[in-house]
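Asker: Dropping the structure in here first, questions after.
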Amino acid sequence: MRLDKNLEYAQVLSKMIQCETISVMDVKQPEKFRKFHELIKEMFPKFFETVEVEDFDGSLLMRWKGKNPNKQPVLLMSHHDVVEADGPWTHEPFKGEIQDGKLWGRGTLDTKCNLWAMLQAAEEMISRGFTPECDIYFESACTEETTGEGADTITTELEKRGIRFRMTIDEGGFIMYDPIGGADGTFAMIGVGEKGCADLKFIARSSGGHASTPGKDTPLVRLGKFMSEADKAKCFDAKMNPVVEEMFKRMGKATKGGLGFLFRNVAIFKPLLVKVMPGVSPTAGAMLKTTLAFTMAEGANGTNVLPQEAWVIGNMRFSHHQGQQDSFDKIRALAAKYDVDMEIPDPGFASNVTDYRSEGFKICEEAVKEVFEGVVPAPYIMNGASDSRYFSRVSDCCLRFAPFLIDDQQLDSIHGIDENINIDTLSKAVEFFKSIMRRV
């Protein structure tokens with residue numbers, strides 16, 4: 005694809021970036037998101053003339069009717085809300101600036117790029133008279149970065165209608181060189197599951213007092229001891245599930261040296277890899293067990309006051325093998341050791357793991373091989389959360405993959421400063437979704 009085509013695509017995506025769609029917890033702003041809806045309707049006229057559109061309080065569900073109404077439908081999904089863009093950006097976050105072969109701005113990777121690519125692919129296919137064999141649904145929520153309410157509501161309605169999808173493709177892994185740290189080669193990381201995400205509150209109490217006469221094990225001290233031990237995460241079981249094992253096998257074919265040997269012979273060296281991988285690659289290590297990250301805290305209101313109550317918030321990502329309830333029980337028991345109580349403000353949502361040998365995964369895998377020469381598709385478990393967890397209600401095959409080649413800086417820019425995407429990766433992303441539309 006010529007560079008000018010990529011530049012043309014970048015200019016289209018830039019318009020989507022310029023339309024600010026920050027979602028804020030507990031604040032409904034339907035007018036903001038409907039302004040974005042009007043924009044994409046102008047940008048993709050043939051698509052919106054063709055599909056049926058339903059608006060769920062700012063989140064969209066669109067149906068492109070196929071030739072065979074009896075064939076099970078598929079779903080392509082994304083989200084159009086973005087997180088805040090604080091900090092010293094080099095390029096203004098909502099200007100959509102194109103410079104140095106990149107498009108800069110909030111949402112370029114998370115995840116207006118995916119929404120743009122699937123709509124662009126459908127627009128071009130419709131322009132050429134293409135009709136899919138089965139119904140293809142498109143979903144784009146405006147609450148993914150906050151409550152997940154849009155996807156929750158839509159999947160509840162789809163369940164009522166008795167609609168189940170043969171496969172879904174949402175945001176998730178990208179195409180990267182050495183995505184886990186230590187693996188040679190470029191891999192398309194196709195998420196087949198995601199760890200559950202829960203928010204836990206740990207509270208230590210006392211009778212308070214003056215800071216001039218502190219007793220032992222005051223609330224903050226007990227919380228500190230608890231957090232120090234919890235940070236070692238020894239209370240959670242490390243285990244290599246079949247998905248991670250398959251990921252290592254595929255990466256082993258392209259990885260040299262001792263690590264490549266271990267990867268290629270993962271069945272033999274599983275115990276060793278489970279032990280060493282957290283040190284080699286924190287990303288891969290997090291796939292092996294439940295994790296807990298402490299994110300918020302509060303103590304006394306004065307510098308000379310011992311708090312009667314102090315608390316910290318822990319964001320838990322529970323593994324499939326440990327499960328939600330057992331993960332809660334393990335950390336609750338550890339907290340009790342330090343006389344710390346645990347509450348569960350948000351228990352999260354546990355979703356299933358898609359079989360990497362399924363028809364849907366093979367369709368995605370073959371589309372990657374068709375469009376991206378030399379790139380190895382690899383299944384993995386997402387450590388982050390996405391709206392796909394809700395769609396496991398209506399599909400046994402939920403895949404999480406964004407067909408864009410990115411580097412480490414770009415990965416770090418997601419939810420960070422100077423988020424950007426390479427212009428020369430745009431045309432292949434469109435071709436990927438065209439391939440999916442033909443294959444289903």
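Numbering (this note's numbering), first residue to last: 5 to 444.
All C-beta atoms in this analysis are idealised placements derived from N, C-alpha and C, irrespective of residue type, glycine included.
Remember, it's a predicted structure, so these values are computed and weren't measured experimentally.
Whole angstroms is fine: what's the gap from phenylalanine 206's alpha carbon to valine 316's?
Answerer: For the purposes of this step, residue 206 is identified with residue 202 of the sequence shown, where counting begins at 1. For the purposes of this step, residue 316 is identified with residue 312 of the sequence shown, where counting begins at 1. Those two C-alpha atoms are separated by around 5 Å.
Asker: Can you tell me which of Glu46, Phe52, Asp412 and Glu374 puts its alpha carbon nearest to the alpha carbon of leucine 17?
Answerer: Numbered from 1 along the sequence shown, position 13 holds the residue referred to as residue 17. Comparing Cα positions, the closest option is Glu46.
Asker: What residue range is occupied by the uninterrupted alpha helix (DSSP H) comprising tryptophan 93?
Answerer: Taking the sequence shown and counting its residues from 1, one reaches residue 93 at position 89. Taken as a continuous stretch (DSSP letters only), tryptophan 93 belongs to no alpha helix (DSSP H), as it is neither H nor E.
Asker: Since leucine 346 and alanine 339 should fall inside the 8 Å C-beta cutoff, what is the C-beta to C-beta distance between them, to a whole number of angstroms?
Answerer: Here residue 346 refers to the residue found at position 342 of the sequence shown. Here residue 339 refers to the residue found at position 335 of the sequence shown. Looking at the sequence shown, residue 346 is not leucine but methionine. Indeed, because the Cβ distance is near 5 Å, the residues count as touching under 8 Å.
Asker: May I have the straight-line CA-CA distance separating glutamate 249 from isoleucine 385, to the nearest angstrom?
Answerer: As a working mapping, residue 249 is identified with position 245 in the sequence shown. As a working mapping, residue 385 is identified with position 381 in the sequence shown. Taking the straight line from one Cα to the other gives about 11 Å.
Asker: Three-state secondary structure (DSSP) at alanine 286?
Answerer: For this step, residue 286 is matched to residue 282 along the sequence shown. Position check: residue 286 holds proline in this sequence, whereas alanine was assumed. Helix, per DSSP.
Asker: In the DSSP assignment, find the unbroken alpha helix (DSSP H) run with histidine 83 in it and report its ends.
Answerer: Locating residue 83 in the sequence shown gives position 79, counting from the first residue. Careful: histidine 83 lies outside any alpha helix (DSSP H), inside the beta strand (DSSP E) at 78 to 83.
Asker: Let's see if you can read the secondary structure: which residues bound the beta strand (DSSP E) around aspartate 235?
Answerer: Counting from one through the sequence shown, the residue named residue 235 turns up at place 231. Looking at the DSSP string, aspartate 235 is not in any beta strand (DSSP E); the run it does join, the alpha helix (DSSP H), is 223 to 235.
Asker: Where are the beta strand (DSSP E) runs, 3 residues long or more, that stay fully inside the segment 157 to 218, in chain order?
Answerer: Whole beta strand (DSSP E) segments, 3+ residues: 171 to 181, 190 to 198 and 200 to 209.
Asker: Can you find the residues in the same chain that come closer than 6 Å, C-beta to C-beta, to methionine 5, ignoring five residues on each side of it along the sequence?
Answerer: In the sequence shown, counting from the first residue as 1, residue 5 sits at position 1. Because the pLDDT of methionine 5 is 47, which lies under 50, any placement of that residue in the model is unreliable, and the question is left without a value.
Asker: Measuring CB to CB, does phenylalanine 240 end up less than 9 Å from threonine 294?
Answerer: In the sequence shown, residue 240 corresponds to position 236, counting from 1. In the sequence shown, residue 294 corresponds to position 290, counting from 1. Taking 9 Å as the Cβ cut-off, phenylalanine 240 and threonine 294 qualify as a contacting pair.
Asker: In terms of alpha-carbon separation, which member of Lys75, Pro381 and Asn387 lies closest to glutamate 502?
Answerer: An answer regarding residue 502 cannot be provided, because it is not within the stretch 5 to 444 covered by the chain.
Asker: Identify, in the order they occur along the chain, each residue of the same chain with its Cβ nearer than 7 Å to the Cβ of glutamate 24, setting aside the five sequence neighbours on each side.
Answerer: Counting from 1 along the sequence shown, the entry for residue 24 is found at position 20. Taken in chain order, the residues that qualify are Phe98.
Asker: Straight-line CA distance for aspartate 221 to lysine 238?
Answerer: Against the sequence shown, residue 221 aligns to sequence position 217. Against the sequence shown, residue 238 aligns to sequence position 234. Distance between the alpha carbons of aspartate 221 and lysine 238: 23 Å.
Asker: Given alanine 130, which residues of its chain have a CB within under 7 Å of its CB, disregarding the five upstream and five downstream residues?
Answerer: Indexing the sequence shown from 1 puts residue 130 at position 126. The residue asked about is misnamed: residue 130 is isoleucine in this sequence, not alanine. Once the five neighbours on either side are set aside, the close Cβ partners of isoleucine 130 are Lys50, Phe51 and Thr54.
Asker: Excluding the 5 residues flanking isoleucine 410 on each side, which residues of the same chain have their C-beta closer than 8 Å to its C-beta?
Answerer: Numbered from 1 along the sequence shown, position 406 holds the residue referred to as residue 410. So the qualifying residues of the chain are Leu113, Phe178, Ile179, Met180, Ile425, Asn426 and Thr429.
Asker: Would you identify the three-state DSSP class for cysteine 4, choosing helix, strand or coil?
Answerer: Beyond the ends of the chain as shown, which are 5 and 444, falls residue 4; an answer cannot be given.
Asker: Using the Cβ count rule (16 or more neighbours within 10 Å means buried), how would you classify leucine 276?
Answerer: Locating residue 276 in the sequence shown gives position 272, where the first residue counts as 1. So leucine 276 ends up on the exposed side.
Asker: In the structure shown, what three-state DSSP assignment does arginine 110 receive?
Answerer: As a working note, residue 110 is residue 106 in the sequence shown. Coil.
Asker: Report all residues from its chain with a CB closer than 6 Å to the CB of cysteine 402; omit the five preceding and five following residues, and keep chain order.
Answerer: Along the sequence shown, one-based indexing puts residue 402 at 398. Excluding residues within five positions, the ones whose Cβ falls inside 6 Å are Thr172, Thr358, Ser392, Phe395 and Ser396.
Asker: For aspartate 343 and leucine 310, what's the separation of their Cα atoms in angstroms?
Answerer: Working through the sequence shown from its first residue, we reach residue 343 at position 339. Working through the sequence shown from its first residue, we reach residue 310 at position 306. One C-alpha to the other measures close to 17 Å.
Asker: Would isoleucine 102 and glutamine 22 be called neighbours here (beta carbons separated by less than 9 Å)?
Answerer: The count along the sequence shown starts at 1 and reaches residue 102 at position 98. The count along the sequence shown starts at 1 and reaches residue 22 at position 18. No. Outside cutoff.
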